[in-house]
Structure formats: C-alpha cells, structure tokens
Amino acid sequence: MSTSSGFLLPDIAEQTTAGFWEGTARGELLVQACDSCGARRMPPRPMCPVCRSTAVRWEPTSGRGTIWSFIVPHPPLLRAYSELAPYNVIVVALEEDPSIRFVGNLLASPDGEINEIDPATIRIGEPVRVVFQPIEDVALPRWVRA
Ligand SMILES: [Zn+2]
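Following this line, the structure appears as structure tokens:
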C-alpha cells in the first residue's frame with residue numbers, strides 16, 4: 000500500500016504475511032512452510048499448493064542467495080521512485096532453496112539507497128545477502144553483495 004512518503008509498503012498486520020514482517024523486524028528472513036508436508040512457499044499464502052493444508056510455520060533462512068534476475072524500472076514511476084531513478088529491482092534465489100525467490104533492491108551498503116549501484120555492473124548469479132532497512136514501520140528486506 001502507498002504511504003505518506005509515497006513509497007509502496009506492505010500492510011504488516013495482514014494475517015497471511017504478518018509472520019514474515021515480524022521476522023524482518025527481528026532481523027530474520029523467514030519463509031513460510033507448510034506445517035503438514037513441509038513445502039516452502041513464497042510469497043506467503045493461506046493454503047499449501049502441494050497438500051492443501053492451512054497449517055503454516057515460519058522457518059528461518061540463511062539470508063543468502065544469488066541474483067536470479069533484475070530490471071531497471073522506467074517511467075512512468077510513482078513520484079517517490081522517479082526521484083530515485085535509475086535504480087535496480089533484483090530477484091534473489093535463496094541459497095538453501097533456489098525455488099524460493101525474493102524481490103528487492105541491491106544496495107552498496109546496508110544503509111544505502113536503491114540507486115547507488117550502477118545497474119550495468121549487476122550480474123546474474125552474483126552472491127548477495129539480506130539486510131533490513133527501516134522504512135516507516137516496516138523493516139524492508141534489501142540486499143548487498145556478499
Ligand atoms: Zn503441504
């Protein structure tokens with residue numbers, strides 16, 4: 000949802016995803032897993048696509064992965080983002096389960112901005128690790144080179 004700053008931020012109280020955001024607030028990158036068959040899934044959703052169970056648990060991850068893909072968003076962009084363009088959006092495949100992927104931004108440093116990295120230097124397969132940036136009431140997962 001859009002916020003007063005103009006950035007798109009998640010509803011951290013939404014029932015299905017709240018556990019994920021509670022994890023990021025503690026500095027943990029969690030992934031939802033089925034409490035019946037163990038299948039991991041991302042993004043979080045109420046029902047297991049494998050066995051249809053609604054029993055869920057949250058599993059910690061290494062917070063490490065590799066860049067699976069990336070883009071450079073082009074206009075039209077929301078104002079808050081157009082002021083930062085050009086910036087990158089990366090898709091990270093999780094180290095311990097590459098079928099689990101996270102969308103975020105590659106930063107030069109944990110407290111950096113999303114436009115610090117020259118997108119021309121980003122390479123598919125680069126190792127990265129998660130960092131958490133506080134933005135309003137959300138600890139947003141972002142990524143730095145590992
Ligand atoms: Zn299941």
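The numbers in this note's numbering rise by one with no breaks, and the one at position 94 of the sequence shown is 93.
Just so it is clear, CB atoms sit at the ideal spot from N, CA and C, and this is done for glycine as well.
- Per DSSP, reduced to three states, the secondary structure at Ala119 is helical.
- For Ser35, the distance from the CB to the nearest heavy atom of ligand 1 is below 6 Å.
- Measuring C-alpha to C-alpha distances from Val129 to each of Cys50, Phe101, Arg122 identifies Phe101 as the nearest.
- If you look at Gly22, you'll find it in the alpha helix (DSSP H) that goes 17-24.
- Relative to the non-hydrogen atoms of ligand 1, the Cβ of Ser52 comes within a distance shorter than 6 Å of at least one.
- In this structure, Pro85 is the residue among Leu139, Gln31, Pro85 with its C-alpha nearest to the C-alpha of Pro72.
- In this structure, Val30 has its beta carbon at no less than 6 Å from each heavy atom of ligand 1.
- Taken in chain order, the complete alpha helix (DSSP H) segments of 4 or more residues contained in the segment 27-96 are 78-81.
- Per DSSP, the continuous beta strand (DSSP E) segment holding Leu139 begins and ends at 137-144.
- In the structure shown, Leu106 adopts extended strand secondary structure according to DSSP, grouped into three states.
- Excluding the 5 residues flanking it on each side, Pro74 has same chain C-beta neighbours closer than 8 Å at Ser81, Ala84, in chain order.
- In this structure, the straight-line span from the alpha carbon of Pro118 to that of Pro126 is close to 15 Å.
- By the Cβ neighbour-count rule, Pro133 is exposed, with fewer than 16 other Cβ atoms within 10 Å of its own.
- For Phe131, the uninterrupted beta strand (DSSP E) segment begins and ends at 126-134.
- Segment contact: the segment 38-50 against the segment 107-118, fewer than three CB-CB distances shorter than 8 Å; contact not assigned.
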